[in-house]
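Below is one structure, written out as structure tokens; the observations come after it.
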DNA sequence: ACTAAAGTTAAGTACCCGCTTGACTATTGG
DNA sequence: CCAATAGTCAAGCGGGTACTTAACTTTAGT
């Protein structure tokens, strides 16, 4: 969880994810539009892979990366739980107020 | 977006959010279970508020904080878009493969 | 075999983050 | 008024993070 959100907290890494939504890509393809050195991109990819957000296999001399939806779903679920929890709390509060509204 | 995910990337701040799901709380109440100094908690709260994840008003000498679901929902939506985007991509790919499967 | 392409590793640098302590400001109750 | 409570401001410290460049490894093309 911590790793997933830390990974997505970086704008560059989110760009990488957004690119990978369109389909798998090699390290070079991912690096090309990114105005930074290739090793920098590598480090970002490693962070994403350690977090379980992407997976990559190397065949020949080219490493191909693809998205792993499980990681995204985990983060999404956590956010959803907190949000709906709070909204239900508000609902319950609303009911309580309405109930106590006309006590005569 | 960047601010929201950076804010949630920290474990302490996620604890604060989880606490606030149960309802509003004062700075002191939030700090009490957190084995760190009060200014540290303040800084975390400021990060959360700047990110739009919580809101707080000060009445008298006590500041009360409450959750703001909009921020959570924004992050949740982004994650959902990426994930479903990728899943649809996989579906389309599956269809393509199946279509080309028996070309005779 | 020789060279270019695609990554990878290692080391170093500059900056950002979380936390601390200490001093300070407002409110509240006696 | 006096002191305790609840929070805030400011400076500083240590570790982590995002890059960089330079050197190296492996594979592919000719």
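Protein chains in written order, with the numbering used here: chain A, 1 to 104; chain B, 105 to 208. All residues carry an ideal CB built from backbone N, CA and C; glycine is no exception.
Are the beta-carbon atoms belonging to residue i and residue j less than 8 Å from one another?
i                      : j                      : result
residue 151 of chain B : residue 123 of chain B : no
residue 82 of chain A  : residue 145 of chain B : no
residue 23 of chain A  : residue 192 of chain B : no
residue 125 of chain B : residue 85 of chain A  : yes
residue 55 of chain A  : residue 68 of chain A  : yes
residue 149 of chain B : residue 131 of chain B : yes
Is the closest heavy atom of the ligand ZN to the C-beta of residue i under 7 Å?
i                     : result
residue 66 of chain A : What this structure holds is no ligand at all, so the ligand ZN is not there to describe.
Whose C-beta lies closer than 7 Å to the C-beta of residue i among residues of the same chain, with five residues either side of it excluded?
i                      : result
residue 154 of chain B : 107
residue 175 of chain B : 108, 155, 156, 157
residue 66 of chain A  : 20, 24, 54, 55
residue 29 of chain A  : none
For residue i and chain A, any beta-carbon pair shorter than 8 Å?
i                      : result
residue 145 of chain B : no
residue 110 of chain B : yes
residue 171 of chain B : yes
residue 121 of chain B : yes
residue 164 of chain B : no
residue 106 of chain B : yes
Which same chain residues end up closer than 6 Å to residue i when comparing Cβ atoms and leaving out the 5 residues on each side of it in sequence?
i                      : result
residue 135 of chain B : 142, 145
residue 10 of chain A  : none
residue 15 of chain A  : none
residue 240 of chain B : Outside the shown range of chain B (105 to 208) lies residue 240 of chain B, about which nothing can therefore be said.
Comparing the C-beta of residue i with each C-beta of chain B, is any distance below 8 Å?
i                     : result
residue 63 of chain A : no
residue 51 of chain A : no
residue 57 of chain A : no
residue 96 of chain A : no
Once the 5 residues before and after residue i are set aside, which same chain residues still bring their CB inside 8 Å of it?
i                      : result
residue 43 of chain A  : none
residue 105 of chain B : 178, 179, 182
residue 57 of chain A  : 63, 64
residue 164 of chain B : none
Residues from the region 181 to 198 of chain B in contact with chain A, defined by Cβ distance under 7 Å
Within the region 181 to 198 of chain B, the qualifying residues are 183, 184, 186, 187, 189, 190, 191, 193.
Members of the region 20 to 47 of chain A near chain B, C-beta cut-off 8 Å:
Residues 20, 21, 22, 23.
So within the region 121 to 204 of chain B, which uninterrupted beta strand (DSSP E) runs reach at least 3 residues, ignoring any that extend past its ends?
For the region 121 to 204 of chain B, whole beta strand (DSSP E) runs of length 3 or above, ordered along the chain, are 158 to 163, 166 to 171.
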